[in-house]
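Peer 1: Before I ask anything, here is the structure I am working with.
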Amino acid sequence: MANKIIFPDNFVWGTATASYQIEGAWNKHGKGESTWDRFTHTPGKIKNNDTGDIADDHYRLWKKDIALMKKLGLKAYRFSISWPRVLPAGRGKVNQKGLDFYSNLVDGLLKAGITPFITLNHWDLPQKLEDEGGWAVRSTAEAFAQYADVLSRTLGDRVKNWITHNEPAVVAWMGYGTGQHAPGLTDFSISLPVAHHLLLSHGWAVPVIRGNSSNAEVGITLNIPWAVAASNSRADLNSVRADEGRWFRWFADPVYGRGYPSDITLDFDKMGALPNGMNFVQSGDLDVIATPTDFVGLNYYSRHVHRAETPNNDPQIVFPKPQNPEHWTEMGWEIEPDGLVGILCRVYFNYQPRKVYITENGASYSTPPDAKGNVPDIHRVNYLRTHFAAAHRALQAGVPLAGYFVWSLLDNFEWSHGYSQRFGIVYVDYETQKRYVKDSAKWYKGVIKKNGF
Ligand code: FCB
0 MANKIIFPDN FVWGTATASY QIEGAWNKHG KGESTWDRFT HTPGKIKNND
50 TGDIADDHYR LWKKDIALMK KLGLKAYRFS ISWPRVLPAG RGKVNQKGLD
100 FYSNLVDGLL KAGITPFITL NHWDLPQKLE DEGGWAVRST AEAFAQYADV
150 LSRTLGDRVK NWITHNEPAV VAWMGYGTGQ HAPGLTDFSI SLPVAHHLLL
200 SHGWAVPVIR GNSSNAEVGI TLNIPWAVAA SNSRADLNSV RADEGRWFRW
250 FADPVYGRGY PSDITLDFDK MGALPNGMNF VQSGDLDVIA TPTDFVGLNY
300 YSRHVHRAET PNNDPQIVFP KPQNPEHWTE MGWEIEPDGL VGILCRVYFN
350 YQPRKVYITE NGASYSTPPD AKGNVPDIHR VNYLRTHFAA AHRALQAGVP
400 LAGYFVWSLL DNFEWSHGYS QRFGIVYVDY ETQKRYVKDS AKWYKGVIKK
450 NGF
């Protein structure tokens, strides 16, 4: 057995979820329609035509879910607000029942000794705003600042940790570019203003939240795989540059005051995605986007090996790992704990965020409950153990990592994959809504208790 790994005092151990993936109650108590409601109700968009209409029924079962978190000893809980539950039309009239739901949830968490971390946008935009142009138009960014105001004014006395957006790259590129996510548009020339308005709305929201919530810490969550080239061929190296540039630097660079990366602007231009140049960027926008934040949240899952498939490519070498559950999760995502050390060091030493949180990390395995109701999800335990150890190595290298949120508390609606992928440390029987604590959750409980393993 390796030496003991002990984390710093006050290290924040949590789990994460998102409103659309767990709440259900999609049209209850005055909630407005979201883009994800519209998208999942469109046949053919989601595996098995699954929807989040019921999901984990968390809107009804939230008290039980808090009790479960308390039992596991969780210190923090990252959840998102359904924007149309609070503002059915996206702006203007508040749906008091929706706001009360989150207010009660926050009170329940605090009573259980669990620190709430709120994500304002984990993708479920009010459909009403989408009908007016969605993130492609600047007025949606203005509406987001109003929404941030409503939420932080109501909850800011009790909630001190705020994340504006979750993975804006996924919204921009997959929601409006490739169309696998809501609203399902397929036009990269729309994705570019979308990305800009997401970032702009982030910059506008930061001071609004701070104004309403004294001593609040505000950040943004970005997704970042560990991207490596399969060989030193020019094509493979270029593929890494382009891909991580589009998915990560395009967002991190402006947030850290560097503006948009010029190599990627050139790539977009070559793709024909900038027919009118960067005319959606108005003067002063980049200063707004660069408003200093208190932390960056990183979602890390996997390594991406880049092997460019161009006709005249240089020779390439790839050493694939065997495709078994120790190396690949059921999402088909390659497991690489060292990549977590890599991304943490790279982001910290390159951008110098004040603080970093792993806002998501976890694995999809479908292990069901056995006859006794135990869920022996040994591969998930291994995944978490090796990634926690990697996080600890990054801490030793000087990265100011303040906390870790396992994705996810519960099995839930996994976007285009519907219910076919199970990321929870708690199993959910969708027929009965019964929860079964998996072995990974029991193991995690011990880690939290000892602040290490
Ligand atoms: C991330 C999302 C999260 C979840 C995980 C598996 O990209 O933020 O909602 O779906 O992937």
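Quick note on numbering: the sequence shown equals residues 0 to 452 in numbering that gives the first Met the number 0.
For each residue, glycine too, the CB sits at the ideal point set by N, CA and C.
Please read these numbers as outputs of a predicted model, since none were measured by experiment.
With C-beta atoms as the reference, is Pro224 less than 8 Å away from His303?
Peer 2: Yes.
Peer 1: Determine contact between the stretch 122–141 and the stretch 67–85, defined as no fewer than three beta-carbon pairs at a distance below 8 Å.
Peer 2: Judged by Cβ distances under 8 Å, the stretch 122–141 makes contact with the stretch 67–85, as three or more pairs qualify.
Peer 1: Classify Gly16 as helix, strand or coil using the three-state DSSP reduction.
Peer 2: Just to set this straight, residue 16 is Thr in the shown sequence, not Gly. In the structure shown, Thr16 sits in coil (DSSP, three-state: anything other than H, G, I, E or B).
Peer 1: Please tell me whether, using a cut-off of 7 Å, the distance from the CB of Ala194 to the nearest non-hydrogen atom of the ligand FCB is below it.
Peer 2: Incorrect: Ala194 has no Cβ contact closer than 7 Å to the ligand FCB.
Peer 1: In this structure, does DSSP put Phe452 in helix, strand or coil?
Peer 2: If DSSP states are grouped into helix, strand and coil, Phe452 belongs with coil.
Peer 1: Is it buried or exposed, Thr431, if we count other Cβ atoms within 10 angstroms and call 16 or more buried?
Peer 2: Result: exposed.
Peer 1: Helix or strand or just coil, what does DSSP make of Arg367?
Peer 2: The identity of residue 367 in the sequence shown is Pro, whereas the question assumes Arg. Pro367: coil per DSSP, three-state reduction.
Peer 1: Run through DSSP, which three-state label would Asn211 get?
Peer 2: Of the three classes helix, strand and coil, the one that applies to Asn211 here is helix, per DSSP.
Peer 1: Verify the contact flag: Ala17, CB atom, against every heavy atom of the ligand SAH, threshold strictly below 7 Å.
Peer 2: With respect to the ligand SAH, the structure shown offers nothing to examine, as its ligands consist of the ligand FCB.
Peer 1: Could I get the ranges of all uninterrupted alpha helix (DSSP H) runs contained in the stretch 199–256, with 4 residues as the minimum, in chain order?
Peer 2: Fully enclosed alpha helix (DSSP H) runs of 4 or longer: 233–243 and 249–254.
Peer 1: Mind pulling the alpha helix (DSSP H) runs of 4 or more residues that sit fully within the stretch 74–160?
Peer 2: Runs of the alpha helix (DSSP H) inside the stretch 74–160: 82–85, 95–110, 126–130 and 137–154.
Peer 1: Do you know whose CA, among Phe267, Asp266, Ala401 and Val105, lies nearest Asp156's CA?
Peer 2: Checking every option, the nearest Cα to that of Asp156 belongs to Val105.
Peer 1: Evaluate Met270 with the Cβ neighbour count: other Cβ atoms within 10 Å of its Cβ, from every protein chain shown; 16 or more gives buried, anything less gives exposed.
Peer 2: When all chains shown are included, Met270 counts as exposed.
Peer 1: Tell me the rounded alpha-carbon separation between Val436 and Asn349.
Peer 2: Whole-angstrom Cα-Cα distance: 39 Å.
Peer 1: With a Cβ-Cβ cutoff of 8 Å, do Leu98 and Thr153 count as a contact?
Peer 2: Taking 8 Å as the Cβ cut-off, Leu98 and Thr153 qualify as a contacting pair.
Peer 1: When you compare each of Arg245, Pro253, Trp246 and Val158 to Ser200 by their alpha carbons, which one comes out closest?
Peer 2: The residue with the shortest Cα to Cα distance from Ser200 is Pro253.
Peer 1: Out of Phe404, Val405 and Ser419, which has the shortest C-alpha to C-alpha gap to Asn411?
Peer 2: Checking every option, the nearest Cα to that of Asn411 belongs to Ser419.
Peer 1: How about Asn360: is its Cβ closer than 7 Å to a heavy atom in the ligand FCB?
Peer 2: No, the ligand FCB has no heavy atom inside 7 Å of this Cβ.
Peer 1: Rank Tyr175, Lys110 and Thr118 by C-alpha distance to the C-alpha of Val136 and give the top, closest one.
Peer 2: Out of Tyr175, Lys110 and Thr118, Tyr175 has the C-alpha closest to the C-alpha of Val136.
Peer 1: Looking at Ile4 and His391, is the spacing between their C-beta atoms short of 8 Å?
Peer 2: In this structure, Ile4 lies closer than 8 Å to His391 by Cβ.
Peer 1: Buried or exposed: which applies to Pro182, given that a residue is buried once 16 or more other Cβ atoms fall within 10 Å of its Cβ?
Peer 2: Buried, by the Cβ-count rule.
Peer 1: Return yes when the C-beta of Trp82 is under 7 Å from any heavy atom of the ligand FCB, and no when it is not.
Peer 2: Every heavy atom of the ligand FCB is 7 Å or more from the Cβ of Trp82, so no.
Peer 1: Enumerate in chain order the residues of its own chain whose CB-to-CB distance from Glu243 is below 6 Å, with the five nearest sequence positions on each side excluded.
Peer 2: Closer than 6 Å at the Cβ level, and outside the excluded window around Glu243, lie Ala226.
Peer 1: Give the DSSP-derived three-state secondary structure of Trp25 in the structure shown.
Peer 2: In the structure shown, Trp25 sits in coil (DSSP, three-state: anything other than H, G, I, E or B).
Peer 1: Trp172 and Ser190 - do their beta-carbons sit closer together than 8 Å?
Peer 2: A contact, by the Cβ cut-off of 8 Å.
Peer 1: Which value, in whole angstroms, describes the spacing of the CA atoms of Gly283 and Arg59?
Peer 2: The straight-line gap from Cα to Cα measures roughly 44 Å.
Peer 1: Can you tell me whether His165 is buried or exposed, with buried defined as 16 or more other CB within 10 angstroms of its CB?
Peer 2: Strictly speaking, residue 165 in this sequence is Asn, with His absent from that position. By the 10 Å Cβ count, Asn165 comes out buried.
Peer 1: Could you give the distance in angstroms between the alpha-carbon of Arg245 and the alpha-carbon of Val207?
Peer 2: Using only the alpha carbons, I get a separation of about 28 Å.
Peer 1: Examine the Cβ distances between the stretch 132–150 and the stretch 192–199 and report whether three or more of them are shorter than 8 Å.
Peer 2: In short, these stretches touch, since the Cβ pair count reaches three.
Peer 1: With respect to the beta strand (DSSP E) encompassing Ile342, which residues constitute its N-terminal and C-terminal limits?
Peer 2: Premise fails: Ile342 lies in the alpha helix (DSSP H), Pro336 to Tyr350, not in any beta strand (DSSP E).
Peer 1: Compute the distance between the beta-carbons of Pro336 and Ala401, then report whether it is under 8 Å.
Peer 2: Result no, Cβ atoms of Pro336 and Ala401 do not sit closer than 8 Å.
Peer 1: How about Asn450: is its Cβ closer than 7 Å to a heavy atom in the ligand FCB?
Peer 2: No - the ligand FCB has no heavy atom lying nearer than 7 Å to the Cβ of Asn450.
Peer 1: CB of Phe78 to nearest heavy atom of the ligand FCB: below 7 Å?
Peer 2: Phe78: no, Cβ never under 7 Å from the ligand FCB.
Peer 1: Measure the C-alpha to C-alpha separation of Trp203 and Leu297 and round it to an integer number of angstroms.
Peer 2: Rounded to whole angstroms, Trp203 to Leu297 spans 21 Å at the Cα level.
Peer 1: Leaving aside the five residues before and after Ala362 along the sequence, list all residues of the same chain whose C-beta is less than 6 Å from its C-beta, in chain order.
Peer 2: Around Ala362: Thr328, Arg379 and Tyr382.
Peer 1: Does the beta-carbon of Asp266 have 16 or more other beta-carbons within 10 angstroms, so that it is buried, or is it exposed?
Peer 2: So Asp266 counts as buried.
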